[in-house]
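**Q**
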Amino acid sequence: MIRTEGLTKVFTVGFRGRKVRALEGLTLEVKRGEIFGFLGPNGAGKTTTIKILTGLLYPTEGRAWIMGREIGDVSVKERMGFLPENPSFYEYLTGLEFLNFYGQLLKIPYDERLHRIGELFSLVGLEGAEELQLRRYSKGMIQRIGIAQALLNNPEVVILDEPMSGLDPLGRKEIRDLILRLRDEGKTVFFSTHILSDVEMICDRVAILVKGRLKAVGPLDELLGGYVKSIEVTVRDPGGVFEEVKDLAERVIRREDLLLISLKDEETVERVIEVVRERKGRIHSIVPQRLSLEEYFVKMQEEG
Ligand SMILES: Nc1ncnc2c1ncn2[C@@H]1O[C@H](COP(=O)(O)OP(=O)(O)O)[C@@H](O)[C@H]1O
Ligand SMILES: [Mg+2]
Numbered sequence: 257m258i259r260t261e262g263l264t265k266v267f268t269v270g271f272r273g274r275k276v277r278a279l280e281g282l283t284l285e286v287k288r289g290e291i292f293g294f295l296g297p298n299g300a301g302k303t304t305t306i307k308i309l310t311g312l313l314y315p316t317e318g319r320a321w322i323m324g325r326e327i328g329d330v331s332v333k334e335r336m337g338f339l340p341e342n343p344s345f346y347e348y349l350t351g352l353e354f355l356n357f358y359g360q361l362l363k364i365p366y367d368e369r370l371h372r373i374g375e376l377f378s379l380v381g382l383e384g385a386e387e388l389q390l391r392r393y394s395k396g397m398i399q400r401i402g403i404a405q406a407l408l409n410n411p412e413v414v415i416l417d418e419p420m421s422g423l424d425p426l427g428r429k430e431i432r433d434l435i436l437r438l439r440d441e442g443k444t445v446f447f448s449t450h451i452l453s454d455v456e457m458i459c460d461r462v463a464i465l466v467k468g469r470l471k472a473v474g475p476l477d478e479l480l481g482g483y484v485k486s487i488e489v490t491v492r493d494p495g496g497v498f499e500e501v502k503d504l505a506e507r508v509i510r511r512e513d514l515l516l517i518s519l520k521d522e523e524t525v526e527r528v529i530e531v532v533r534e535r536k537g538r539i540h541s542i543v544p545q546r547l548s549l550e551e552y553f554v555k556m557q558e559e560g
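Position one of the sequence shown corresponds to residue 257 (the numbering used here), numbered consecutively onward.
What follows is the structure in structure tokens.
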């Protein structure tokens with residue numbers, strides 16, 4: 257649905273013509289029907305990428321395609337929806353007037369427009385707010401009416417730049433639920449965020465961008481799966497297990513006849529299982545402790 261190849265953007269700033277390399281050879285592919293999280297700290301180049309995809313900026317180098325068409329192509333815009341970062345809309349319009357205005361710009365015929373707008377108010381959970389002026393909308397409501405605006409042309413691909421930023425936990429959840437609903441409607445959603453938990457909960461795949469460079473891409477559990485910190489084994493010890501495993505483990509916590517054993521690799525896990533068998537104990541659980549996205553993110557940034 258979205259493909260980029262070697263996208264690079266160099267900004268020239270100030271009268272001395274200093275160069276800022278905002279994006280370095282980004283090559284990426286987003287598949288049909290997936291929720292794709294574009295993750296990176298502030299200044300990573302997320303908005304720059306999105307502006308290139310939406311035709312607001314030209315890349316210095318590289319190319320990009322949406323639904324197989326090169327991004328300059330006008331027919332691409334007709335099938336794509338876009339929510340900019342920190343949108344601000346004309347405050348004195350009501351929600352209904354706002355969507356109607358954009359619907360007119362898109363030349364959607366009157367009856368169809370009203371019908372579509374009605375559907376969108378309910379899809380984004382803003383029923384009842386039709387007649388309210390946008391200045392009375394909360395930040396979360398603004399994001400949601402902005403998403404409704406992005407959906408007016410019933411696009412196949414929806415690109416959202418930081419749709420959860422500045423929202424409280426409930427507002428974030430509402431946007432997450434809305435994104436899931438978009439996927440259920442068969443849309444492909446590409447959204448950026450600098451907040452890890454946003455992607456953790458809903459994304460099929462994520463890309464991690466740091467200082468303009470792609471650091472990793474894939475399903476989140478695969479990205480994190482490669483990094484096991486320790487393996488936590490819980491066993492019932494009828495007697496004797498504790499003494500035998502305490503030197504194999506990084507840490508053992510004993511609570512009555514239960515042992516919580518922290519091990520550092522698979523081999524020691526095998527060894528502990530043998531001991532438990534010999535002593536006629538029982539294994540309750542074996543849980544690998546993976547790096548949290550938070551820790552992964554820090555690691556990526558440290559690697560530069
Ligand atoms: N119009 C511009 N002129 C000069 N530098 C820019 C411009 N837009 C973005 N940048 C720089 O490019 C880098 C990436 O910015 P941006 O794409 O906005 O990052 P993100 O959205 O990930 O926070 C930053 O260093 C930013 O300062
Ligand atoms: Mg940004």
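C-beta: ideal position from N, C-alpha, C; glycine also.
Are there 16 or more other CB atoms within 10 angstroms of the CB of Val-532, so buried, or fewer, so exposed?
**A** buried
**Q** Along the chain, which unbroken stretches of the alpha helix (DSSP H) at least 4 residues long are found entirely within the stretch 315-344?
**A** 330-334
**Q** At 3 residues or longer, and completely inside the stretch 394-434: list those beta strand (DSSP E) runs for me, N to C.
**A** 413-417
**Q** Which residues in the same chain as Ala-320 place their Cβ atom closer than 8 angstroms to its Cβ, once the five residues preceding and following it in sequence are excluded?
**A** Ile-258, Arg-259, Thr-260, Glu-261, Leu-263, Ile-308, Leu-309, Glu-326 and Ile-327
**Q** Can you give the Cα-Cα distance for Tyr-358 and Leu-408, rounded to whole angstroms?
**A** 8 angstroms
**Q** Given this structure, state the Cα-to-Cα distance separating Leu-295 from Glu-530, to the nearest angstrom.
**A** 43 angstroms
**Q** I'd like the list of long-range same chain contacts for Ser-518, defined as Cβ closer than 7 angstroms, with 5 residues on each side in sequence excluded.
**A** Shown here for Ser-518: same chain residues with a beta carbon closer than 7 angstroms to its own, the five before and five after excluded, namely Ser-486, Glu-488, Ala-505, Glu-506 and Arg-507 in chain order.
**Q** As a quick exercise: from Pro-365, Glu-456 and Ile-415, pick the residue whose alpha carbon is nearest that of Leu-438.
**A** Ranking Pro-365, Glu-456 and Ile-415 by Cα distance to Leu-438 puts Ile-415 first.
**Q** On the three-state DSSP scale, how would you describe Thr-310?
**A** coil
**Q** Is Lys-302 near ligand 2, in the sense that its beta carbon is under 7 angstroms from a heavy atom of that ligand?
**A** Yes, the beta carbon of Lys-302 sits closer than 7 angstroms to at least one heavy atom of ligand 2.
**Q** Between which residues of its own chain and Val-497 is the CB-CB distance below 7 angstroms, once the five residues before and five after are set aside?
**A** Val-491, Leu-515, Val-531, Val-532, Arg-535 and Gly-537
**Q** Under 8 angstroms, do Thr-449 and Glu-418 count as touching if we go by C-beta distance?
**A** yes
**Q** Can you tell me whether Val-462 is helix, strand or coil according to DSSP?
**A** strand
**Q** Does any heavy atom of ligand 1 sit closer than 7 angstroms to the C-beta of Val-473?
**A** no
**Q** For Lys-502, which three-state DSSP category applies?
**A** coil
**Q** Mind checking whether the beta-carbon of Glu-387 lies closer than 7 angstroms to any heavy atom of ligand 2?
**A** Taking 7 angstroms as the cut-off, the C-beta of Glu-387 does not count as close to any heavy atom of ligand 2.
**Q** Helix, strand or coil for Glu-280 per DSSP?
**A** Here Glu-280 sits in strand by DSSP.
**Q** Nearest to Ala-404 by CA position, among Glu-558, Phe-553, Met-336 and Gly-474, is which residue?
**A** Met-336
**Q** Could you check whether Val-276 and Thr-316 sit closer than 8 angstroms to each other, using their CB atoms as the reference points?
**A** no
**Q** Excluding five sequence neighbours on each side, which residues of the same chain lie with their C-beta closer than 6 angstroms to the C-beta of Ala-472?
**A** Ile-464 and Leu-479
**Q** By DSSP, does His-371 sit in helix, in strand, or in coil?
**A** helix
**Q** Can you give the Cα-Cα distance for Thr-283 and Cys-459, rounded to whole angstroms?
**A** Rounded to whole angstroms, Thr-283 to Cys-459 spans 19 angstroms at the Cα level.
**Q** Verify whether the separation of the beta carbon atoms of Leu-355 and Ile-373 is less than 8 angstroms.
**A** yes
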